[in-house]
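Q: Per my numbering: the sequence shown = residues 49 to 251. Just so you know, even glycine gets a beta-carbon here, dropped at the ideal spot from N, CA and C. If you scroll down you'll find the structure; I have some questions about it.
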Amino acid sequence: MNYSIIGSGNVGTALARLFARKKINVAIANSRGPKTLASLTKELGPSVVPKSVQDAYEAALIFLAVPFPAHKDVAKQFKTWKGKIVVDVTNALDVAPKELGGRLSSEIVSKAFVGSRLVKAFNHLPAAQLGTNPSRKGKRQVVFVSSNDADASATVAKVATRLGFAPIELGRLDQGGVPLHALDGKPGGLLFQNVEKLIGGKS
Ligand SMILES: NC(=O)c1ccc[n+]([C@@H]2O[C@H](COP(=O)([O-])OP(=O)(O)OC[C@H]3O[C@@H](n4cnc5c(N)ncnc54)[C@H](OP(=O)(O)O)[C@@H]3O)[C@@H](O)[C@H]2O)c1
Numbered sequence: 049m050n051y052s053i054i055g056s057g058n059v060g061t062a063l064a065r066l067f068a069r070k071k072i073n074v075a076i077a078n079s080r081g082p083k084t085l086a087s088l089t090k091e092l093g094p095s096v097v098p099k100s101v102q103d104a105y106e107a108a109l110i111f112l113a114v115p116f117p118a119h120k121d122v123a124k125q126f127k128t129w130k131g132k133i134v135v136d137v138t139n140a141l142d143v144a145p146k147e148l149g150g151r152l153s154s155e156i157v158s159k160a161f162v163g164s165r166l167v168k169a170f171n172h173l174p175a176a177q178l179g180t181n182p183s184r185k186g187k188r189q190v191v192f193v194s195s196n197d198a199d200a201s202a203t204v205a206k207v208a209t210r211l212g213f214a215p216i217e218l219g220r221l222d223q224g225g226v227p228l229h230a231l232d233g234k235p236g237g238l239l240f241q242n243v244e245k246l247i248g249g250k251s
């Protein structure tokens, strides 16, 4: 499976750092074009490949790491996202609740990315924490995963494991996934919770 990240700011860079640490190839794109990503590749090494959004679209699993309002601009560039898993890393914390119209932000993103299988994940950690090594002595950083598509959720959980995390699958977006969202303008109960799993019962 090939991977890409759309967005190269705090979160996109943290995700790229995770892939680089494991030497897993990932494409990364932003709004200004691949030339603006030269210093990032220089820092992180050849597994992080700068691309245009058009080329990043070719990946089967795409991390969406742009400000929530920008999701529409990314989504509308392509008629269909069929066959792709879109990992929604956005948080709609700066969005007025009335703009969401009572819906979860990931449900809005899912609708915009026509045909995609949307998974909410990697959004609960501050970027600085997300970029650190998730495998520590006797512990793994937990990453929460939620989707209405159980296969897509399992795929993203496997990727999280490869990157060194302990994934916890929460089930559907409107059930276990609710606390991963901004709710009435405030962080849901799992947002910004730094949870670690003990490995082998030792700390
Ligand atoms: N910061 C955190 O600690 C944190 C934690 C969890 C989740 N989040 C969520 O993650 C998302 C990104 O946050 P961030 O802090 O990384 O933001 P950021 O530093 O402002 O970076 C945003 C990135 O999105 C890119 N972008 C914007 N519109 C685009 C478009 N139409 N096409 C392609 N790329 C586009 C920007 O491209 P350019 O570089 O070319 O401008 C930039 O690289 C937000 O939804 C945020 O709520 C943030």
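Asparagine 50 to proline 227, Cα distance in whole Å?
A: The residue given as residue 50 occupies position 2 in the sequence shown. The residue given as residue 227 occupies position 179 in the sequence shown. Approximately 29 Å between the Cα atoms of the pair.
Q: Between Phe126, Lys90, Leu166, which lies nearest to threonine 138 when the distance is taken from Cα to Cα?
A: Within the sequence shown, residue 138 is the residue found at index 90, counting from 1. Here the closest residue by C-alpha is Leu166.
Q: Would you mind reading off the limits of the beta strand (DSSP E) that contains proline 115?
A: For the purposes of this step, residue 115 is taken as the residue at position 67 of the sequence shown. First-last for proline 115: undefined, no H or E at that position.
Q: Let me know the secondary structure DSSP gives leucine 152 once reduced to three states.
A: Residue numbering aside, residue 152 sits at position 104 when the sequence shown is read from its first letter. Three-state DSSP puts leucine 152 in coil, outside helix and strand.
Q: Is asparagine 78 closer than 8 Å to glycine 55 when the C-beta atoms are compared?
A: As a first step, residue 55 is located in the sequence shown; it is residue number 7 there, counting from the start. As a first step, residue 78 is located in the sequence shown; it is residue number 30 there, counting from the start. Contact: yes.
Q: Residues in its own chain within less than 6 Å of serine 52 by CB, not counting five upstream and five downstream?
A: Residue 52 sits at position 4 when you count from the first residue of the sequence shown. Counting only Cβ-Cβ distances below 6 Å, and skipping sequence neighbours, we find Ala75, Ala104, Ala107, Ile110.
Q: Tell me, please, which residues DSSP counts as bridged to glutamate 106.
A: Position 58 of the sequence shown holds residue 106. Partner(s): none; glutamate 106 has no beta bridge.
Q: In its own chain, which residues sit with a C-beta less than 6 Å from the C-beta of valine 143, not counting the 5 before and 5 after it?
A: Numbered from its first residue, the sequence shown carries residue 143 at position 95. Closer than 6 Å at Cβ, skipping near neighbours: Phe116.
Q: Is it the case that the CB of alanine 160 approaches a heavy atom of ligand 1 more closely than 7 Å?
A: The count along the sequence shown starts at 1 and reaches residue 160 at position 112. No, since every heavy atom of ligand 1 falls outside the 7 Å radius drawn around the Cβ of alanine 160.
Q: Taking just the CA atoms, how far does lysine 127 sit from glycine 179?
A: Looking up residue 179 in the sequence shown gives position 131. Looking up residue 127 in the sequence shown gives position 79. One C-alpha to the other measures close to 32 Å.
Q: Would you check if the stretch 217-226 and the stretch 149-168 touch, i.e. whether three or more CB-CB distances between them fall below 8 Å?
A: They touch, by the three-pair rule.
Q: If you reduce the DSSP assignment to three classes, tell me which class alanine 176 lands in.
A: On the sequence shown, position 128 is the one that residue 176 refers to. In the structure shown, alanine 176 sits in a helix (DSSP, three-state: H, G or I).
Q: Closer than 7 Å: is that where the CB of phenylalanine 116 sits relative to any heavy atom of ligand 1?
A: Here residue 116 refers to the residue found at position 68 when the sequence shown is read from its first residue. Yes.
Q: Please return the same chain residues whose Cβ sits closer than 7 Å to the Cβ of lysine 206, not counting the five positions on each side in sequence.
A: Numbered from its first residue, the sequence shown carries residue 206 at position 158. Excluding positions up to five away in sequence, the list is empty.
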